[in-house]
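Trainee: Take 1 as the starting number for the sequence shown in the numbering used here and just add one per residue. No residue lacks a Cβ here, since even glycine has one placed at the ideal position from N, Cα and C. Since the model is a prediction, treat every value here as computed from it, not as a measurement. Shown below is the structure under consideration.
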Amino acid sequence: MTRLKITELKNNLKQGNLSNVYLITGAEQVFIKDIQKSFKNIMSPEERDMNFSSFDLEETSLDDMINEAISAPFFGEKRLVFAQNPYFLTAERVKNAVEQNTYLLLRYIQNPTPSTIMVIFASYEKLDARKKIVKQLKKIAAVVDAGQMEGPVLTRTIQNDLKTDGYQIDGEALDLLINKTKSNYSLITNQLVKLKMYALQSKRIDKQAVEELVPQSLEDNVFDLMNQILNKNIYQAEELYHQFLLQKIDPILLIAILMSQLRLLIQVKVLTERGLTEATISKNLKLHPYRVKLSHRQSKRLDMKQLIVMYQDLVNLDYQIKSGQGDKELLFDLFIAKFA
């Protein structure tokens, strides 16, 4: 198996150092678009018109794609084939997707057409490592990770992007931006367009700009709900809850997010009591330092027993709702009343 970083892949493509089969994993759309552009640039526009094809494998059979891949290129030296949405590489079931005979792809990658470059974009969180086709792809193909960046790598990338355009961002503003976008580089890139317009004169992005211009995610809004509950602010908690209901957000989803956030608070509190620093906790839990910092700040003033009882009640509440033991909106309302 050959593993390549995106920079290595782009250098190889520029130098004409090509493989016949590539597997692109991860779902970071900024990287995926960049990779697709780099592959297309190995051909002239005229060659692309004749020799480039893209197949959505939820809608098109592998048979059609492989027939294209084994065809000789027209008026050129190479044929480029993109395989999109190869759902059969995961454990997921996709409704109304074309049934695929993966043996066809397995046989092709074991003996690919020398003039064809096949690029398989597996934009999923996880592939099913038990499947033979996945094992063989990882063994045969050149694998490129287009997943999310984490920690210092993401921070440096954002700072370098801004520096290239002549901008700076304050440390607190950068932490808040990463937290609000859940470290999603594609979302960050989109938000930076607004932030740079806002800071057009000063060329400096501050925390206030991020607070005002970058919308809160659902997770952040649920975090606010949890804070109101933990701080015994029942009226504010009820107001937030009813806003969620007006937005048609299912209480089951709210429970799942609250459970995740409480689990993190418990983990941070336990690890802090064991003497671990925020930086070490961040590394161990694979979370951005700013998120750990917020959780640490909040967990310090909370009682561990209270957190555990609240978490257990959420587990029970989830079971009650899913087993049809009452109206989910009312049951969640009672949960708020109990703790707030």
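Is the beta carbon of LEU9 sitting closer than 9 Å to the one on VAL134?
Mentor: Contact: no.
Trainee: Have a look at LYS95 and PHE88 and give me their C-alpha separation to the nearest angstrom.
Mentor: When rounded, the distance between both Cα atoms is 12 Å.
Trainee: If you reduce the DSSP assignment to three classes, tell me which class ASP56 lands in.
Mentor: ASP56 falls in the strand class under three-state DSSP.
Trainee: Using DSSP with H/G/I as helix, E/B as strand and the rest coil, what is LEU302?
Mentor: Correct three-state label for LEU302: coil.
Trainee: Evaluate contact between the stretch 161 to 168 and the stretch 125 to 132, counting only Cβ atoms and requiring at least three cross-stretch pairs below 8 Å.
Mentor: Result no; under three Cβ-Cβ pairs closer than 8 Å.
Trainee: Would you mind sorting ASN67 into buried or exposed? The rule is 16 or more other CB atoms within 10 Å of its CB.
Mentor: Looking at its Cβ environment, which holds fewer than 16 other Cβ atoms inside 10 Å, ASN67 is exposed.
Trainee: Quick one: Cα of GLN36 to Cα of ILE120, how far?
Mentor: If I take the Cα positions, the gap works out to 11 Å.
Trainee: Pull up the CB-CB distance for ILE336 and LYS328, whole angstroms please, since I reckon it's below 8 Å.
Mentor: At roughly 13 Å, the Cβ-Cβ gap does not stay under 8 Å, so ILE336 and LYS328 are not in contact.
Trainee: Can we say the stretch 227 to 236 touches the stretch 312 to 320, given the rule of at least three CB pairs closer than 8 Å?
Mentor: Contact fails: fewer than three Cβ-Cβ distances are below 8 Å.
Trainee: Going by the beta-carbon positions, is the gap between VAL21 and PRO114 smaller than 9 Å?
Mentor: Cβ distance not < 9 Å, so VAL21 and PRO114 don't count as in contact.
Trainee: Determine, using beta carbons only, whether ILE178 and HIS288 come nearer to each other than 9 Å.
Mentor: Against a cut-off of 9 Å, the Cβ pair of HIS288 and ILE178 comes out as a contact.
Trainee: Tell whether a beta-carbon distance below 9 Å holds between GLU219 and GLN261.
Mentor: It is a contact, given that the beta carbons lie within the stated cut-off.
Trainee: With three or more beta-carbon pairs closer than 8 Å as the criterion, would you say the stretch 15 to 32 touches the stretch 48 to 67?
Mentor: Cβ pair count under 8 Å is below three, so no.
Trainee: Taking 6 Å as the limit between beta carbons, can you name the residues of its chain near TYR103, skipping five residues before and five after?
Mentor: Closer than 6 Å at Cβ, skipping near neighbours: no residue.
Trainee: If you reduce the DSSP assignment to three classes, tell me which class LEU141 lands in.
Mentor: The identity of residue 141 in the sequence shown is Ala, whereas the question assumes Leu. In the structure shown, ALA141 sits in coil (DSSP, three-state: anything other than H, G, I, E or B).
Trainee: Check whether the Cβ atoms of ARG291 and LEU264 lie closer than 9 Å to each other.
Mentor: Going by C-beta atoms, ARG291 is nearer than 9 Å to LEU264.
Trainee: Three or more C-beta pairs closer than 8 Å, one from the stretch 270 to 279 and one from the stretch 235 to 252: is that the case here?
Mentor: No, they do not touch.
Trainee: I want to know whether the stretch 66 to 86 touches the stretch 34 to 51 - three or more CB-CB distances under 8 Å.
Mentor: Yes, the stretch 66 to 86 touches the stretch 34 to 51.
Trainee: What separation, rounded to the nearest whole angstrom, lies between the Cα atoms of SER61 and LYS40?
Mentor: Cα-Cα distance, rounded: 23 Å.
Trainee: Could you tell me the distance, in whole angstroms, from the CA atom of ASP206 to the CA atom of LYS269?
Mentor: The alpha-carbon atoms of ASP206 and LYS269 are separated by roughly 30 Å.
Trainee: Let me check understanding here. Comparing Cα to Cα, which of ALA173, LYS248, LYS286, ALA83 lies closest to LEU105?
Mentor: When each option's Cα is compared against that of LEU105, the closest is ALA83.
Trainee: Tell me whether the beta-carbon of SER295 lies closer than 9 Å to the beta-carbon of LEU307.
Mentor: Against a cut-off of 9 Å, the Cβ pair of LEU307 and SER295 comes out as no contact.
Trainee: Hey, would you say GLN148 sits closer than 9 Å to TYR185, going by beta carbons?
Mentor: Yes, the pair counts as a contact, with Cβ atoms nearer than the cut-off.
Trainee: So, are the CB atoms of ILE257 and VAL222 less than 9 Å apart?
Mentor: A contact, by the Cβ cut-off of 9 Å.
Trainee: State buried or exposed for SER202, treating a residue as buried only when at least 16 other CB atoms are found within 10 Å of its CB.
Mentor: Classification for SER202: exposed.
Trainee: According to the Cβ coordinates, are ILE255 and ALA146 closer than 9 Å?
Mentor: No, Cβ-Cβ distance for ILE255 and ALA146 is not below 9 Å.
Trainee: Look at the Cβ atom of LEU331, then the Cβ atom of PRO251, and state whether they are nearer than 9 Å.
Mentor: The answer is yes: Cβ separation under 9 Å.
Trainee: Exposed or buried, what is GLN15 when buried is set at 16 or more other beta-carbons lying within 10 Å of its beta-carbon?
Mentor: Looking at its Cβ environment, which holds fewer than 16 other Cβ atoms inside 10 Å, GLN15 is exposed.
Trainee: I think ALA142 touches LEU4, with their Cβ atoms under 8 Å apart; what is that distance to the nearest whole Å?
Mentor: Their Cβ separation, rounded to whole angstroms, is 6 Å, which keeps ALA142 and LEU4 in contact under 8 Å.
Trainee: Between which residues of its own chain and LEU187 is the CB-CB distance below 6 Å, once the five residues before and five after are set aside?
Mentor: For LEU187, where only same-chain residues beyond five positions count, the Cβ hits under 6 Å are THR181.
Trainee: By Cβ distance below 6 Å, which residues in the same chain neighbour THR2 in space, the five residues on each side in sequence not counted?
Mentor: Closer than 6 Å at the Cβ level, and outside the excluded window around THR2, lie ALA142.
Trainee: Between the alpha carbons of GLN325 and MET259, how many angstroms are there, rounded?
Mentor: Approximately 20 Å, taken between the alpha carbons.
Trainee: Taking the alpha carbon of TYR167 as the reference point, which residue from GLU150, TYR198, LEU176, ILE140 has its own alpha carbon closest?
Mentor: It is TYR198.
Trainee: With distances taken from CA atoms, which of LEU200, GLN236, ARG79, MET65 is nearest ILE42?
Mentor: Taking only the C-alpha atoms, the option nearest ILE42 is ARG79.
Trainee: Since GLN110 and ILE140 are thought to touch, with beta carbons under 8 Å apart, how far apart are those beta carbons, to the nearest angstrom?
Mentor: Going by Cβ atoms, the distance from GLN110 to ILE140 rounds to 7 Å, so yes, they are a contact pair.
Trainee: Let me know if SER323 comes out buried or exposed under the rule of 16 or more other beta-carbons within 10 Å of its beta-carbon.
Mentor: Classification for SER323: exposed.
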